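In our numbering, the protein residues as written are 4 to 214. Okay, so here's the structure we're looking at.
Pasting the structure below:
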């Protein structure tokens, strides 16, 4: 997802700031630095230095090879459909549960995609809106019924059969993202042969596919 965001021109500076902040936080959480900072030359102590270097190396590996970056204003969510038909095309409803168990309804631009995401056409920016008829739904991504084509289908040809989506509402990251023309994931219709099939041709076809 991160690489597709880069191709589409999202705010790279904000991405780097988030990466640096998360890496620093993980490093500082290895040991209670506030309690042992009074020790001099701590970084030269063999065990502590090895522990610190291992932590840095492991986190850099995760970022570089897998682009695993924790984004605070993002979630993985299952998709569902608006049964009340109150959402218009281009709108979604998202209500998240906070750490203190309170609920927050998101409003504004939302970047949505699904893994594995390989093409820029598989990432869309939709508008999250508040609607009282959908407040009983939370921690799910609610797509509208209205529109020329289902938004779920536009994202990697999804059909809401248990698909999980990456949802980002960090305004600094998605400030410059634009929606492309969605890719058509529908398969081409099959063509029936013009000539009448005979038993001999069926037998030859069977031999070809079974051998």
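Glycine included, each C-beta is placed from N, C-alpha and C at the ideal position. For clarity, every value in this text was computed on a predicted model and none was experimentally measured.
Quick one, are the C-beta atoms of residue i and residue j less than 8 Å apart?
i, j, result
"residue 141", "residue 100", "yes"
"residue 128", "residue 83", "no"
"residue 131", "residue 95", "yes"
"residue 134", "residue 90", "yes"
"residue 98", "residue 105", "no"
"residue 172", "residue 93", "no"
So, is residue i buried or exposed, given that buried needs 16 or more other C-beta atoms within 10 angstroms?
i, result
"residue 125", "buried"
"residue 168", "buried"
"residue 85", "buried"
"residue 157", "buried"
"residue 60", "exposed"
"residue 50", "exposed"
"residue 119", "exposed"
"residue 137", "buried"
Would you mind reading off the limits of the beta strand (DSSP E) that contains residue i?
i, result
"residue 169", "167-171"
Answer yes or no: the CB of residue i versus the heavy atoms of the ligand PLP, is any distance below 7 Å?
i, result
"residue 137", "As presented, the structure is devoid of all ligands, the ligand PLP included, so that no description of it is given."
Exercise for the section: Counting only runs of 3+ residues fully inside the segment 74-156, write out the beta strand (DSSP E) ranges in chain order. Expected result: Counting only runs of 3 or more, we get 77-84, 94-100, 106-108, 111-116, 127-131, 143-146.
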